[in-house]
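For the sequence shown, counting from 1, position 15 maps to -3 in our numbering; every step adds exactly one. Read through the structure below, which is laid out as structure tokens, and then see the notes.
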Amino acid sequence: MERIKNFLRSVKQELDRVSWPSKDLAVKATVSVIIFALVIGTYLWILDIVFVRIINFLLSLRGG
């Protein structure tokens, strides 16, 4: 039980040393990540459509 208390005490000490970002910075970073994820997701979605069409075209040439 003492080990758990020591661990939790150490965790609290470490969290006191953390340099937390301001609310403004956290919001900007979150928005940036969401936009980046949407852009990459859209890019991969378009690539997926292109590759599916290529594969379907190649398979149709084979007679399948």
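Glycine included, C-beta positions come from ideal geometry on N, C-alpha and C.
Helix, strand or coil for residue i per DSSP?
i	result
residue 23	helix
residue -1	helix
residue 35	helix
residue 14	helix
When you measure from the CB of residue i to every non-hydrogen atom of the ligand MN, does any distance come out below 7 Å?
i	result
residue -1	Although the ligand MN was asked about, the structure shown includes no ligands whatsoever.
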